[in-house]
Amino acid sequence: MDIQNKICLLTGPTSGIGKAAAEKFAGAGCNLILVARNRHRVEKLADELIRKTGNEKIKLFTADFSSIKEIKELSDLIHSAYSRIDVLINNAGAYFSKFHKTVDGIEASFQVNYLSRFLVTNLFLDLLLKSVSGRIINVSGQHYRKGKFDILVRENNNYTGMMGARRAKFADMVFVFELARRLEGTNVTINAVHPGSVSTCIVNNDPDATVNMKLLYSLCRPFLRGAHKAAEDLYYIAFSEKLDNITGKYFYKDRFKEPLASVYNRETALKLWDLSEELTDYRNTLFKNNKLIME
Numbered sequence: 001m002d003i004q005n006k007i008c009l010l011t012g013p014t015s016g017i018g019k020a021a022a023e024k025f026a027g028a029g030c031n032l033i034l035v036a037r038n039r040h041r042v043e044k045l046a047d048e049l050i051r052k053t054g055n056e057k058i059k060l061f062t063a064d065f066s067s068i069k070e071i072k073e074l075s076d077l078i079h080s081a082y083s084r085i086d087v088l089i090n091n092a093g094a095y096f097s098k099f100h101k102t103v104d105g106i107e108a109s110f111q112v113n114y115l116s117r118f119l120v121t122n123l124f125l126d127l128l129l130k131s132v133s134g135r136i137i138n139v140s141g142q143h144y145r146k147g148k149f150d151i152l153v154r155e156n157n158n159y160t161g162m163m164g165a166r167r168a169k170f171a172d173m174v175f176v177f178e179l180a181r182r183l184e185g186t187n188v189t190i191n192a193v194h195p196g197s198v199s200t201c202i203v204n205n206d207p208d209a210t211v212n213m214k215l216l217y218s219l220c221r222p223f224l225r226g227a228h229k230a231a232e233d234l235y236y237i238a239f240s241e242k243l244d245n246i247t248g249k250y251f252y253k254d255r256f257k258e259p260l261a262s263v264y265n266r267e268t269a270l271k272l273w274d275l276s277e278e279l280t281d282y283r284n285t286l287f288k289n290n291k292l293i294m295e
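In this text, residue positions in the sequence shown follow my numbering: the first is 1, and each later residue adds one.
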């Protein structure tokens, strides 16, 4: 596989798993598209990557994933700069211990951790279909196991941070398997990966994290998995020829793991898809009757 000609789009690259993945992919010589919220931090990262790896094929874009408008503007910019994408890694995410609404009036955890991925993936699907072998990877986690489908994503509804995380991760998993069904028989695959309990900055990035939360997490971090190991998993799933045509799978680290049956439920998937189209005000015209229109 000619990795140096691969075009890879990575969201959430400035810390944790995303930063480690950016270093790994840049070191392999990929054409790297980095999408982050903070312009200063992603520029600093790009300078660091170029200095360490000598790879200057790195392009930067900024977008706040709590804004549907900014994601759509991002799509316009990337479409004007690229004719295809080979790998899309949906890694960006956040934890909100208290209830927040985005500028779109949607609960923040649901929008940032799931809805933005639905929109990003659909907006760039046409570019992925132009790849010889397009791969979509959604970084997931075990919180989905206690999540459920919920249409009340504009209301507080006795919100807790864990409830928000579980709902968003469940939706993300359902989306992965539904999109895999819709893309059956095409050159694009989509899989979810749970990288394990990884040492990241997620608690520090929580706008409402208490001192005790930060202290507890700092005590646990030495016992958590290193982000560089999670990056190795992403690299394997992105480029391994052993995974050609493997789609609709859930990985725990670099191995297949059977998810809960609830994420395969088609009725739930179709309701979630309809809700997502409504909330994003975006309907992908590549699909008809829940299947890709083959030209």
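Just so it is clear, CB atoms sit at the ideal spot from N, CA and C, and this is done for glycine as well.
The count of Cβ pairs closer than 8 Å, one atom from the segment 102 to 115 and one from the segment 124 to 131, stays below three, leaving the stretches out of contact. Going by beta carbons, Ile-85 and Phe-149 fall outside the 9 Å limit. By the Cβ rule, the segment 99 to 108 does not count as touching the segment 135 to 143, because fewer than three pairs are nearer than 8 Å. Between the alpha carbons of Tyr-282 and Cys-8 lies a gap of roughly 24 Å. Inter-residue distance for His-100 and Ala-22 is about 29 Å (C-alpha atoms, whole angstroms).
Rounded to the nearest angstrom, the gap between the Cα atoms of Ala-28 and Lys-57 is 11 Å. Residue pairing from DSSP places Tyr-252 in a beta bridge opposite His-194 and Arg-255.
Here Asn-138 is bridged, per DSSP, to Asn-90 and Ala-192. Separation of the CB atoms of Lys-257 and Phe-251 is rounded to 7 Å, and the pair is thereby assigned contact status at 8 Å. Cα atoms of Ala-36 and Arg-135: separation of roughly 20 Å, rounded to the nearest angstrom.
Of all C-beta pairs linking the segment 228 to 243 to the segment 284 to 293, fewer than three are shorter than 8 Å, placing the two stretches out of contact. DSSP links Leu-10 through a beta bridge to Leu-34 and Ile-89.
Under the 10 Å beta carbon count, Ser-75 is surrounded by 16 or more other beta carbons and is classified as buried.
In the pairwise beta carbon analysis, the segment 39 to 47 is classified as not touching the segment 260 to 274: fewer than three pairs are separated by under 8 Å. Closest option to Asp-274, judged by alpha-carbon separation, among Glu-70, Asn-157, Ala-171 and Phe-239: Ala-171. Pairing Val-87 with Ser-66, the inter-Cα distance amounts to about 23 Å.
Only residues of its own chain outside the window of five on either side were considered, and among them Val-174 and Glu-178 have a CB closer than 6 Å to the CB of Ala-269, listed in chain order.
Rounded to the nearest whole angstrom, the CA to CA distance from Asn-122 to Met-294 is 16 Å.
For Lys-291, the secondary structure class from DSSP, reduced to helix, strand or coil, is strand. With a beta-carbon spacing of about 13 Å, Leu-34 and Ala-20 fall beyond the 8 Å limit used to define contacts. DSSP places Phe-61 in the uninterrupted beta strand (DSSP E) bounded by 58 to 62. In the three-state scheme derived from DSSP, where H, G and I count as helix and E and B as strand, Lys-98 is classed as coil. Shown here, Glu-107 sits in a strand according to DSSP, grouped into three states. Less than 9 Å divides the Cβ of Gly-18 from the Cβ of Asn-91. Assigned with DSSP and collapsed to three states, Lys-148 falls in coil, not helix or strand. Closest in C-alpha terms to Ser-116, from the list Ile-89, Ser-97, Lys-291 and Asn-158, comes Ile-89. Per DSSP, Ser-80 is one residue of the alpha helix (DSSP H) stretching across 68 to 81.
Here the alpha carbons of Asn-289 and Gly-12 stand approximately 33 Å from one another. The three-state reading of DSSP puts Asp-2 in coil, since its state is none of H, G, I, E or B. For Ala-171, the enclosing alpha helix (DSSP H) stretches over residues 161 to 182. Of the candidates Phe-96, Lys-291 and Arg-255, the residue whose Cα lies closest to the Cα of Glu-184 is Lys-291.
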